[in-house]
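Protein chains in written order, with our numbering: chain A, 7 to 223; chain B, 98 to 331.
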Amino acid sequence: MTQPNEIKLFGSVMSGFCYMVHHALKLKGVEYDYIEEDLKNKSEEFLKMNPVHKKVPTLVVDGKPIAESLVILQYIDETWPEPPLMPQDPYQKSKVRFWADFIYQKMVPLTFVIRKSEGEAQAKVVDEFLTIFKTLEDGISKEVHSEGPFIHGAQPGLLDMIIGPCHTGLKYLEQGLDGVKLVDDKKTPLLCMWMDEYSKIDVVKDTAEMMKQYAPA
Amino acid sequence: MGERELKLLGTWVSPYVIRVRVVLNQKGLKYEYFEQDLTNKSELLLKYNPIHKKVPVLIDNDQPVCESLVILQYIDEAWSKTGPSVLPTDPYERAMARFWAVYIDDKVFLASAGILKATTEEAKAEKIIETMAGLELLEETFKKCSKGKPFFGGDTIGFLDVTLGSCLVWLKATEKVSELTLLDGNKFPKLVKWTEQFLSADCVKEVMPKVEKVEEYINKTLKPKWAAAATSSK
């Protein structure tokens with residue numbers, strides 16, 4: 007498998023999806039250049055690389071762009087196979103892909119609605135979110151997780167890598183919710199445990215340290 | 098080695114189902130097909146897809162796989178030595194296939210459905226522009242992926258071929274119902290030529306509904322359903 011020589015990541019300190027890509031690259035021991043994009047004033051170079059969606063993260067490998075975090079994560083896993091983010095068995099793989107799709111299709115859009123709404127409308131969406139989050143926990147514990155501190159077992163895998171950064175985003179969202187918890191260890195104890203475990207791994211801490219320089223004042 | 102029992106829950110009109118059937122056909126896989134009534138969901142559907150309650154659902158020896166793009170990748174990996182590959186082997190080309198498949202479903206197909214759903218001329222015009230912009234990008238993508246060969250997948254039908262191809266009859270029915278041209282041979286010559294190649298393939302002909310039937314479905318079932326929903330939500 008030919009691996010690219012030059013890897014560039016366009017991202018933003020504000021985007022949870024970018025952290026997923028940092029973690030994947032660092033976990034695989036891949037050297038890369040990082041470019042922090044000002045999302046209110048996107049650079050020409052960046053727009054050339056992702057003209058379709060104009061979003062971060064965008065990974066550029068030997069000058070060729072890849073967009074959409076889930077697509078990027080799978081590309082990284084297939085290009086640098088160690089350590090693997092996916093199980094070997096095709097049926098187990100399909101379960102991981104199903105729940106990854108569930109997160110992006112069902113959970114993520116609700117977080118955008120929560121952020122933009124208020125009062126009673128917001129309370130309703132928060133309820134919807136909590137139901138979806140519980141469904142996610144039940145589904146993952148039944149179909150993906152069997153043992154070990156991470157969703158994928160003894161080592162973190164794709165779902166850990168997606169949910170971990172989402173956790174940070176959810177805690178940030180909670181700040182504007184007047185005491186309501188989105189991440190409640192009484193309602194979703196397993197997700198809380200897995201996210202907590204994930205937050206302790208070296209690549210997460212190294213990325214957080216690296217990104218401090220880009221944090222808004 | 099025991100016989101593997103494959104079942105597919107689907108509806109005749111759903112592009113998400115059609116794409117799975119094309120790939121199963123191309124791989125030469127035998128399966129039992131169960132047509133579903135989505136207005137009165139069967140116990141089978143609720144049992145094997147409790148989360149989304151949607152079609153398609155592939156059931157492999159009693160183990161369900163849901164979501165069409167997940168199913169396509171599952172078939173490719175579980176029967177990797179049978180028939181042509183669905184996804185390319187190169188990781189960058191696989192990334193392109195995955196990216197454009199989601200684009201087709203989320204942007205192009207949804208926009209074209211929006212043409213049918215629009216209740217004002219303004220809204221309809223907006224959706225037409227969106228659909229055409231998507232098709233323009235796909236014309237460029239086709240040139241890059243096919244590298245002069247007949248399909249997005251090269252010599253054989255692949256991931257992007259079935260994802261976009263399964264929407265073709267819907268696009269053609271939308272053209273007839275809304276009296277417009279989307280698959281314009283002058284604007285998208287390569288794509289239109291590809292549609293002819295795709296629709297004439299044996300693995301496709303068997304499972305692709307007739308445009309007239311989809312047209313009838315849009316006029317007699319979908320549009321009244323959308324109108325009723327709009328009235329009841331006022």
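For each residue, glycine too, the CB sits at the ideal point set by N, CA and C.
Problem - Amino acids of chain A, ordered along the chain, whose beta-carbon sits closer than 8 Å to that of B:Gln170 - result: Lys99, Ser100, Arg103
Practice task
For the alpha helix (DSSP H) containing B:Val188, list its first residue and its last residue.
Solution key: One point to set straight first is that residue 188 of chain B is Pro, not Val, in the sequence displayed. 188–200 is the extent of the alpha helix (DSSP H) around B:Pro188.
Problem - Beta-carbon spacing of B:Val274, B:Ile226 below 7 Å - result: no
Handout entry: Proximity of A:Val77 and B:Phe256 at Cβ, strictly below 7 Å
Key = no
Handout entry: Test item: CB-CB of A:Met113 and A:Ile138 under 7 Å
Key = yes
Exercise for the section: Using a cut-off of 9 Å between C-beta atoms, extract the partners of A:Ile72 located in chain B. Expected result: Tyr189, Ala192, Met193, Phe196
Handout entry: Spatial distance of B:Thr217 from A:Met217 (CA atoms)
Key = 47 Å
Handout entry: Chain-ordered residues of the stretch 136–161 of chain A with a beta carbon less than 8 Å from chain B
Key = Thr141, Gly145
Handout entry: A:Tyr225 and B:Pro188 closer than 7 Å at C-beta
Key = The structure shown has nothing for residue 225 of chain A, since chain A only spans 7 to 223.
Exercise for the section: Buried or exposed for B:Thr158, please, with buried defined as at least 16 other CB atoms from any protein chain shown within 10 angstroms of its CB. Expected result: At residue 158 of chain B the sequence reads Asn, which differs from the Thr that was named. Classification for B:Asn158: exposed.
Exercise for the section: Give the straight-line distance between the Cα atoms of A:Pro96 and A:Gln181, rounded to the nearest whole angstrom. Expected result: 40 Å
Practice task
Buried or exposed for A:Lys211, please, with buried defined as at least 16 other CB atoms from any protein chain shown within 10 angstroms of its CB.
Solution key: exposed
Problem - Integer Cβ distance of B:Thr179 from B:Ser209, believed to fall under 8 Å - result: No, B:Thr179 and B:Ser209 are not in contact; Cβ-Cβ is about 33 Å, not under 8 Å.
Practice task
For A:Asp39, write down the residues that DSSP places opposite it in a beta bridge.
Solution key: A:Lys14
Handout entry: Classification of B:Thr271 by the beta-carbon crowding that lies within 10 angstroms, buried from 16 upward
Key = buried
Handout entry: DSSP beta-bridge partners of B:Leu105
Key = B:Tyr130, B:Leu155
Practice task
Check each candidate in B:Asp252, B:Trp176, B:Thr108 and name the one with the smallest Cα separation from B:Lys127.
Solution key: B:Trp176
Exercise for the section: Return no unless some Cβ of chain B is closer than 7 Å to the Cβ of A:Tyr38. Expected result: no
Problem - Start-end ranges of the beta strand (DSSP E) lying completely within the stretch 165–220 of chain A, minimum 3 residues - result: none
Practice task
Answer yes or no: do B:Leu232 and B:Phe285 have a C-beta to C-beta separation smaller than 7 Å?
Solution key: yes
Practice task
Going by DSSP, name the residue or residues bridged to B:Gln160.
Solution key: B:Asp157
Practice task
Return the CA-CA distance between A:His29 and A:Val209, expressed in angstroms with no decimal places.
Solution key: 6 Å
Problem - Neighbour-count burial assignment, B:Met98, 16 or more Cβ in a 10 Å radius - result: Confidence at B:Met98 is low in this model, with a pLDDT of 46, below 50, so its placement is unreliable and the value that follows should be read with caution. Exposed.
Handout entry: Spatially closest choice to A:Lys61 from A:Glu50, A:Gly17, A:Val186, A:Ala214, by CA coordinates
Key = A:Gly17
Practice task
Starting from B:Gln160, find everything on chain A with Cβ-Cβ shorter than 8 Å and list it in chain order.
Solution key: Tyr97
Handout entry: CA-to-CA distance, B:Val167 to A:Arg103, given in whole angstroms
Key = 6 Å
Handout entry: Bounding residues of the alpha helix (DSSP H) (the contiguous stretch that carries A:Val67)
Key = Looking at the DSSP string, A:Val67 is not in any alpha helix (DSSP H); the run it does join, the beta strand (DSSP E), is 64–67.
Practice task
Count the CB pairs spanning the stretch 42–53 of chain A and the stretch 112–122 of chain B that are closer than 8 Å, and state whether there are at least three.
Solution key: no
Problem - C-beta neighbour in chain B for A:Asp107, strict 7 Å - result: yes
Exercise for the section: Using a Cβ-Cβ cut-off of 7 Å, state whether A:Thr85 counts as contacting chain B. Expected result: yes
Problem - Secondary structure of A:Ala73, DSSP reduced to three states - result: strand
Exercise for the section: Could you tell me whether the Cβ of B:Val183 comes closer than 7 Å to any Cβ of chain A? Expected result: no
Handout entry: Residues near A:Gly175 by beta carbon distance below 6 Å, same chain, minus five either side
Key = Gly22
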